[in-house]
Each structure stands twice: as structure tokens, then as C-alpha cells.
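Structure, as C-alpha cells:
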Amino acid sequence: MIFTAILVFNTCLLFAQSDPYSKTDILYLSLKNEAGEPVQSCVVHLSDQATNHSVSVISDRKGQMEIPVESGHVYQIKDDEANLLDEIKVPQQSSSLLTKTVVISKPVIAAERPFDTITQNLGSSFYKVGALEARLAFRITDLDHKPLNNLAVRLVCPKYRRVYTATTNASGVVRFQVLLGGDYQFGIAESENMKTYRIPSSQGYALTVDVPYQPTTVTEITRNDTVFQDAIQQKRATSQRAFLEVTVQDYEHQPLPDENVFMDAVGKSKVFNTKTNEQGKALKTRPQADH
């Protein structure tokens, strides 16, 4: 029996354009415990007394955080139990860094607090954008440049403990309004963290991105550790799957139809199975991480 294999990968490329504007004020907040040691991965809440807007923020490994704020506003800093830790007034104009150190006696570690999920259906236009918000627009098309409608898209921001979700419209476009000054992990359907976008603390910031994405449409049935795949209609890789074509022949180089072809994912308890067609070909897709 003779095997011939062709392996094809698809690489997802993201192209972005941005329009940065003037910088907003930034509060450099430092968290310490009662012993004066930095408190990392801790949740605090910053509440704007003028707008009643509140945001949850996570400290970094040094117990620090950078938070965009509005000039002339008063902010209350609270712990996860709504206890007031401190208050700060942001000056209208400042020639020096705006810094604050807060002592927290009962820190809540980020891992103990779930992410907040925010579903946004902005349609063809944005809402009125707040001073501390950025506008992000993604146009998602397949590899034939056709827009992908009703596709689930998400942005995950660990700093603000938020997950933004939305679906593409008929033009393949999805829009988000997110907080400034965060890193946002972009994902589509089964594709996790395809790219991370760092959004600066710039008032009026806008980002437009064209995203080529090929969905995985193969039908699979999993039994125990074996994944059975139906016949694949398109001979191409997807954004998350490599395409593999295996030809099975006898020693006379004649195709062998209806033969089971198994492929073991190295290092994982998973086996992919499909059968050869009349030409002796088995067409498979596999997660690219398994290769």
C-alpha cells in the first residue's frame, strides 16, 4: 500500500488602519498591601462621580495600572466589596504625571472574579462615543473575498475583565465600542485569540481592520478519542485547520477506495478518521496546532 500526502496551511493575515487623536489623561495607580508590598492581579473599581461610569481594572505583576481618565472629573476608587479606598480629582490641565498609591487590605485576585460579557449590536453605525471609548470596526471576508454574515466575533480584554461579543452584518462588518488603554484579544467562532490589538489611551481613537477568514464547515462526529470526518467539499485549508490529501494505492498503483485512514495527533489522545473515495483519496482537515 502506497501513501502520497499533500499538506496545505492557511495563514490568517490582518490588515489595520488607525487614526490616533490627542492623548487623554492617564491615572497611574499603584496598589500595595498593609506591609507596603505590591499587590498584583488585584481588582479595583474606578467610579466617575460626574458620569456615574464605573470600570473594573486589574493590577499588573508590579501592582500597577494605567487608567484613562477625564480631565476635571472626580473619581472614587473602591475595592471589589464596594469599600471606598480613596478619591482623586483629575486637574483640568497637568504638567506632571497623575499618580496615586492605594493601600488595600482585602485584595480580590482577578482569577476569583469572572469576566463581564457585553453584547453589542451596533448595526451600520456607532453609538455616541464617550470620551474614554474607542471605535473598532472589522470587515470579515472568506478567501474568495465574500463577506461573511452572521459570524460570531469577540474581543477579550483581561485588563478590564470584559468580553465584547457581536455578529457580522450582511456586509461582513462588525463594530465595537471599547474602553481605551486596553489589549483586546480578537477571536472568531472557534478561533481563539487570532490577534491582540493594543488600544492606546487616545481620545477619539478609531481602528478599521480587514480580516480574511475561512470558516471550517466539515462535519465531524467524535466517539471516545476518535474524530470521524465526512467527505470534504472544498480542497483548501481553513483559518484554523490544515488541509491534508492522502492517496492510498495498491502495489500496482491502483487506487484503493473505501479504505479507513487514521491519523494520530502527536502528544494528544485524539485520532482523526476518514475513508478514501473512488480515486483512493482521503481528504482531511486537522487543527493546525496538532501538526
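First residue of the sequence shown? That's 17 in this note's numbering, and the numbers climb one at a time after it. Think of the CB as a built atom: it goes at the ideal place given N, C-alpha and C, for glycine as much as any other residue.
Could you spell out the range, first to last residue, of the beta strand (DSSP E) harbouring residue i?
{"i": "T67", "result": "Taken as a continuous stretch (DSSP letters only), T67 belongs to no beta strand (DSSP E), as it is neither H nor E."}
{"i": "T290", "result": "287-291"}
{"i": "D132", "result": "132-135"}
{"i": "T157", "result": "149-157"}
{"i": "V119", "result": "114-119"}
{"i": "N240", "result": "No beta strand (DSSP E) holds N240; DSSP gives it neither H nor E."}
{"i": "I93", "result": "90-94"}
{"i": "Q80", "result": "80-85"}
{"i": "S46", "result": "41-48"}
{"i": "D101", "result": "A small correction: the amino acid at residue 101 is Leu; Asp does not occupy that position in the sequence shown. Where L101 is concerned, the enclosing beta strand (DSSP E) stretches over 100-105."}
Of all the options the options, which has the alpha carbon lying nearest to the alpha carbon of residue i?
{"i": "N166", "options": "L152, T181, P174", "result": "T181"}
{"i": "T292", "options": "I104, K286, V277", "result": "V277"}
{"i": "E206", "options": "L195, R191, A168", "result": "A168"}
{"i": "L47", "options": "V119, Y229, I83, R151", "result": "V119"}
{"i": "Q201", "options": "A150, S285, V172, H69", "result": "V172"}
{"i": "Q136", "options": "T184, F192, R177", "result": "F192"}
{"i": "N209", "options": "R170, G79, D280", "result": "R170"}
{"i": "Q230", "options": "L164, D41, I93", "result": "L164"}
Leaving out the 5 sequence neighbours to the left and right, which residues in its chain are closer than 8 Å to residue i when beta-carbon positions are compared?
{"i": "Y37", "result": "Because the pLDDT at Y37 is just 39, under 50, the model does not fix this residue reliably, and the value given afterwards should be weighed accordingly. These residues qualify, in order along the chain: S218, Q219, G220, Y221."}
{"i": "T212", "result": "D199, Y200, Q201, F202"}
Ordered along the chain, which non-local residues of its own chain (more than five positions away) have a Cβ less than 6 Å from that of residue i?
{"i": "T27", "result": "Residue confidence for T27 is low, a pLDDT of 38 falling below 50, so the modelled location carries little weight; the figure read from the coordinates is stated next. Counting only Cβ-Cβ distances below 6 Å, and skipping sequence neighbours, we find nothing."}
{"i": "M81", "result": "L45, V73, S75"}
{"i": "E275", "result": "V264, T292"}
{"i": "R77", "result": "Q56"}
Where does residue i land, buried or exposed, given buried means 16+ other C-beta within 10 angstroms?
{"i": "D64", "result": "buried"}
{"i": "Q270", "result": "exposed"}
{"i": "I237", "result": "exposed"}
{"i": "D266", "result": "exposed"}
{"i": "K144", "result": "exposed"}
{"i": "A51", "result": "exposed"}
If you drop the 5 nearest sequence neighbours on each side, which residues of the same chain put their C-beta closer than 7 Å to that of residue i?
{"i": "D160", "result": "none"}
Would you verify that the beta carbon of residue i is, or is not, closer than 8 Å to some beta carbon of chain C?
{"i": "V225", "result": "Absent from the structure: chain C. Only one protein chain is present."}
Query raised in the report: Taking the runs of the beta strand (DSSP E) that are 3 residues or longer, which of them lie wholly in the region 161-226?
Result: Counting whole runs of 3 or more residues, the region 161-226 contains the beta strand (DSSP E) stretches 168-173, 178-183, 189-195, 199-204, 207-214.
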